[in-house]
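Going left to right, the first sequence walks through residues 107 to 949 as the working numbering numbers them.
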Amino acid sequence: MPDLQLPTNIQFAQRFEDSTITDFKCQKCPLWETSVAGGRSSGKIMRSGVYGRGTGRNGLLIYGEALGHTEIIIGRPFVGDAGKLLSEVLSEIGIVESQSYITNTVRCRPPSNRVPVASEQDICMENHFTKDLPAPDWKPKLVLTLGAVALRSMLHMQKISERRGIFYDSPMFAGVKTLCTYHPAAILRKPELYPILRDDIRRAKDYLNDTDRGDLPPVTNIQIRTRTDFLEWMDYLLSADPRPALSVDIESTGLNYRKDKIVSISMSFYSEDNYVSLAFLTDARPEWWHLNLTDKQSLEFKLLQTLLESSKLTFQNGDFDTKFFWYNGIHAVSNIDTLDAHYLLDENSPHGLKHLVSMFLPKAGGYQQKILEVIGGDWDIQLASVKDLLEYNASDAFFTHLLRDKFLDMLKHQGLKDLFEQHAMPLKRALTCMSYRGIRMDRDRIMRLSETYRKEIKEKEEKLYDLVGQRFKYTSQSQLIKVLYQDLGLPVYKETKTGPSTDKETMEELAKLHPVPALIVSLRHARKMCQTYLDGNDGISEDKGTGILGHLDEYDRVHASFLTHGTTSGRLASKEPSLLNIPRDLEFRRCFIPQQGWQFINADYSQAELILLAYLSKDPSFINAVTSEDLHTKVLRTLVGIDESVPIDKEMRNFAKAINFRKAYGGGSKGLAAQLGVEEELTASWYKKWDAAYPGIPEWMESQATLWQVKGEVVSIYGRKRRFPNLQVLAIADPKRAREQQGYYDRLSINFPCQAGVADTMNRTLRLLHYYLNRIWPWSPSTMYNHPGAVLTVHDELLFESPEELVPDMCELIRGIMSLPLPMIGISLKSEMKVLSTWGGDV
DNA sequence: AAATGTAGCGCC
DNA sequence: AAACGGCGCTACATTT
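Now the structure itself:
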């Protein structure tokens with residue numbers, strides 16, 4: 107229920123009650139006239155000039171945008187759907203709404219609910235700001251602005267998504283902070299933003315309660331100008347006992363550690379009751395000393411190397427920084443990574459430093475913003491002044507240090523410390539090594555394959571143009587649509603947001619009517635292979651250099667980054683290039699080869715997610731099925747009642763396979779019917795049979811759905827959490843949307859334990875193998891190619907390269923680790939292993 | 001010219 | 001209207 111308590115201050119309560127068209131005298135902007143539906147002359151009793159509500163006792167002053175339809179009828183701000191959402195989020199966080207003062211930037215209603223223009227905003231604030239408060243001498247503790255309009259009006263800023271969550275100085279009240287966040291109406295349109303709104307409101311509450319004002323401890327910033335200074339600081343740090351943990355950050359000319367150079371390095375630490383941030387150059391600039399990273403024999407290089415290689419280091423996304431260090435001859439190892447820490451704490455939000463600082467160190471966010479304003483958003487590191495560069499570098503290292511302390515504490519409180527230290531960080535280090543090692547590719551084969559595809563493209567294009575009777579750009583969505591649906595007059599089966607669909611499924615349907623769609627499908631495939639996976643040259647596109655070929659280093663190795671934070675499920679992501687979506691076509695996978703004279707060992711888990719589903723649900727029949735010779739066949743036999751002696755053909759088996767996977771992903775009978783091209787009645791009956799055969803599974807699924815709704819999270823067998831939003835809030839404003847969302851989260855709560863369990867099992871395998879190999883042959887950037895190691899992982903598949911003579915031992919080690927029992931469940935997953943001379947098999 | 005959004009498609 | 005979970009990359013189209 108909206109709060110109906112009136113302001114306690116009599117004088118203001120009086121005005122609030124009487125705030126009708128008759129006593130609102132302001133005519134300073136055009137809105138006084140248009141604010142009433144049908145215009146003021148219509149005689150309708152509608153309110154404009156509506157001031158705020160609430161006592162302001164808790165010190166919170168909230169600015170929205172302008173009056174909406176409901177507001178002008180009732181004559182109170184924030185009483186429509188957005189108001190309900192605001193009430194919900196305030197009560198969820200524990201801010202008493204009636205004690206806050208809630209008003210709008212513009213106190214009238216713009217016609218047809220348009221956004222009030224800047225002049226209207228400014229006129230309204232100028233004329234009503236001092237009057238529209240709970241009492242004339244009242245001063246807030248915190249101003250909260252909701253949405254882009256209030257942000258512009260109060261702080262003269264744009265881009266709410268970049269400014270939200272940061273505490274700025276209030277221009278209106280001396281010594282008061284302003285926090286901005288999304289407008290509740292925006293959340294109604296994009297419910298996935300709700301957690302951010304909630305976090306920001308919580309931040310406001312913490313601020314009001316003095317529990318966390320995000321104050322920064324004092325820090326001594328040292329910009330090292332001379333060699334002597336540098337040597338003194340190195341001496342200080344190297345002889346400190348105990349050696350302080352260092353948070354390290356680098357600035358570089360670009361993102362590629364093999365091509366770009368480190369420009370400056372900063373180290374932040376806590377020593378003798380003080381925070382210190384050191385920063386120095388590694389690139390020549392006038393009047394400043396710099397450490398020359400190419401002179402490996404110099405004293406200063408050796409000191410830095412010794413320090414970094416023997417200290418506990420913290421990075422923010424150290425995958426980036428450590429690879430730079432390694433390439434420059436310093437084997438720095440990340441002990442703590444604030445990015446990975448945050449990923450465990452909140453898998454749903456971004457994990458970049460800027461975002462983390464704005465979320466957890468709001469005061470620093472303002473400071474960081476100031477630096478950005480000084481140096482410009484897109485500064486050229488070569489042109490930046492040394493002072494700005496080092497200040498920026500040092501502040502990032504300092505913030506990383508503060509985040510580190512904060513996150514370690516939070517991980518401990520959430521029972522995630524072990525998962526972080528024993529699992530996530532060792533995995534991160536193993537992945538950085540794997541990426542640095544890279545995987546070798548067969549350049550000639552790439553070129554040959556690409557040539558084959560280009561020939562195919564040429565031929566088929568000619569055919570296409572002949573059929574259509576004109577040359578046209580079939581890669582252009584708009585031209586293709588014109589040709590297919592206008593010129594050829596084919597029927598439209600499916601629509602996208604922007605017009606008729608031309609996707610593969612639709613084209614295959616259209617192929618029954620005309621030869622062109624099939625040609626398009628095969629042309630698209632050939633081009634995709636060339637553009638994305640081969641040399642980027644499809645013979646047509648102007649832009650070359652796309653494709654994996656463009657990622658090869660001088661030894662024909664590709665160094666994809668494996669991200670530990672790319673998913674919400676604990677699965678890895680891979681980029682530049684992604685190695686997780688390489689075509690299964692063996693011709694293509696043969697492009698991936700081990701180093702000269704070595705072998706690949708390929709190990710994969712079979713049907714891991716379904717096995718996990720079986721044991722999580724504890725359904726005896728399904729456990730029986732997943733432990734049988736062939737799961738899909740077994741399921742089919744059970745469903746249809748075919749005896750063990752009768753053989754089952756592949757097509758029938760695929761039916762069972764489709765339904766099994768849909769179960770794990772939360773798919774329904776309708777989708778299955780569409781996929782298989784059969785009636786839904788049929789697939790629905792299969793679903794029924796399936797549920798009846800394995801009753802433990804629907805039961806478990808129900809319980810998962812209940813679990814996330816009650817607890818707000820589900821937890822995997824490794825203790826990884828998946829947090830869910832509170833849909834109760836959304837349901838109040840938009841019940842339909844909430845129901846849709848609920849179905850989605852129900853499916854997630856089912857899929858997450860399976861997907862995350864398998865992902866962390868694979869992650870564990872990777873980390874343990876790295877650990878054991880490292881004990882036999884300590885890993886180092888300079889000697890890595892002398893020893894076997896992982897080169898690739900694809901969710902449930904793992905690829906190693908190994909010298910021939912070590913292959914048997916490696917296989918035994920891999921098999922041993924892969925068959926370790928799973929936590930909580932105690933069973934092991936089935937795995938298979940192959941020795942190969944290329945990823946696509948022997949050639 | 002750069003940034004953003006969309007469609008489409010590759011993988012598990 | 002129907003609804004299958006998790007990703008990244010490409011080209012094209014549109015916006016700034």
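Ideal placement from N, C-alpha and C gives every residue a C-beta, glycine not left out.
Computed from a predicted model, the values in this text were never measured in an experiment.
In the DSSP annotation of this structure, PRO859 is not part of any beta strand (DSSP E); the continuous alpha helix (DSSP H) holding it starts and ends at 841–882. A buried status is given to HIS507, since no fewer than 16 other beta-carbon atoms sit within 10 Å of its beta-carbon. Taking one beta carbon from each stretch, the segment 451–461 and the segment 306–315 have fewer than 3 pairs nearer than 8 Å; the two do not touch.
For ILE920, the uninterrupted alpha helix (DSSP H) run begins and ends at 913–924, by DSSP. In the DSSP assignment, GLN411 falls within the alpha helix (DSSP H) that extends over 405–416. In the DSSP assignment, TYR376 is bridged to TYR381. A contact is defined here as three or more CB-CB pairs under 8 Å, and the segment 157–176 meets this definition with respect to the segment 201–214. When rounded, the separation of the alpha-carbon atoms in LEU669 and ALA280 is 44 Å. Taking 3 residues as the minimum length, the beta strand (DSSP E) runs contained wholly in the segment 680–717 are 704–711, in order along the chain. Per the coordinates, the alpha-carbon of SER943 lies some 12 Å from the alpha-carbon of LEU905. The C-beta separation of ILE838 from GLU194 comes to about 6 Å, placing the pair in contact by the 8 Å criterion. Setting aside the 5 residues that flank it on each side, THR251 is surrounded in the same chain by TYR169, LEU257, MET260 and CYS286, each with a C-beta closer than 6 Å to its C-beta; the list follows chain order. Residue burial annotation: TRP883 is exposed, with fewer than 16 other C-beta atoms found within 10 angstroms of its C-beta.
Its chain contains ASP366 as the residues whose beta carbon lies nearer than 8 Å to that of GLY360, once the 5 sequence neighbours on both sides are disregarded; these appear in chain order. Here DSSP, grouped into helix, strand and coil, assigns PRO909 to strand. Counting only runs of 4+ residues, the alpha helix (DSSP H) found wholly inside the segment 600–662 occupies 610–616 and 621–634, in chain order.
Of the candidates VAL622, ASN730 and THR604, the residue whose Cα lies closest to the Cα of LYS610 is VAL622. In the displayed model, CYS286 falls within a strand according to three-state DSSP. Remark: fewer than three beta-carbon pairs, one from each stretch, lie closer than 8 Å, so the segment 270–277 and the segment 215–230 are not flagged as touching.
Under the 10 Å beta carbon count, GLU565 is surrounded by fewer than 16 other beta carbons and is classified as exposed.
Between the alpha carbons of TYR793 and ASN766 lies a gap of roughly 10 Å. Excluding its 5 nearest sequence neighbours in each direction, MET890 has C-beta neighbours in its own chain below 8 Å: CYS539, TYR542 and ARG543, listed in chain order.
Pairing PHE761 with LEU788 gives a Cβ-Cβ distance that is not under 8 Å. Around the beta-carbon of VAL820, 16 or more other beta-carbon atoms lie within 10 Å, marking it buried. Unbroken beta strand (DSSP E) runs of no fewer than 3 residues, entirely contained in the segment 504–576, are found at 545–547, following chain order. For THR871, same chain residues with a beta-carbon under 6 Å away, outside a window of 5 residues either side, are ILE923 and MET924 in chain order. Assignment of GLN329 by DSSP, reduced to helix, strand and coil, places it in the strand class. Counted as a single uninterrupted DSSP element, the alpha helix (DSSP H) harbouring ILE587 occupies residues 583–587. By the neighbour-count definition (other C-beta atoms within 10 Å, threshold 16), LYS265 is an exposed residue. Distances from the alpha-carbon of ASN434 to those of LEU399, LEU409, MET465 and SER440 put LEU399 closest. Boundaries of the beta strand (DSSP E) harbouring TYR274: 273–275, taken from the DSSP string.
According to DSSP, residue pairing for ASN210 in a beta bridge involves GLY170. The segment 376–390 and the segment 320–333 touch, with three or more beta-carbon pairs separated by less than 8 Å. If one requires a minimum length of 3 residues, the beta strand (DSSP E) runs lying completely within the segment 752–830 are 819–821 and 827–829, in chain order. Going by beta carbons, PRO350 and TYR376 fall inside the 8 Å limit. For the set ASN643, LEU745, VAL941 and LEU718, the Cα lying nearest the Cα of LEU935 is the one of LEU718.
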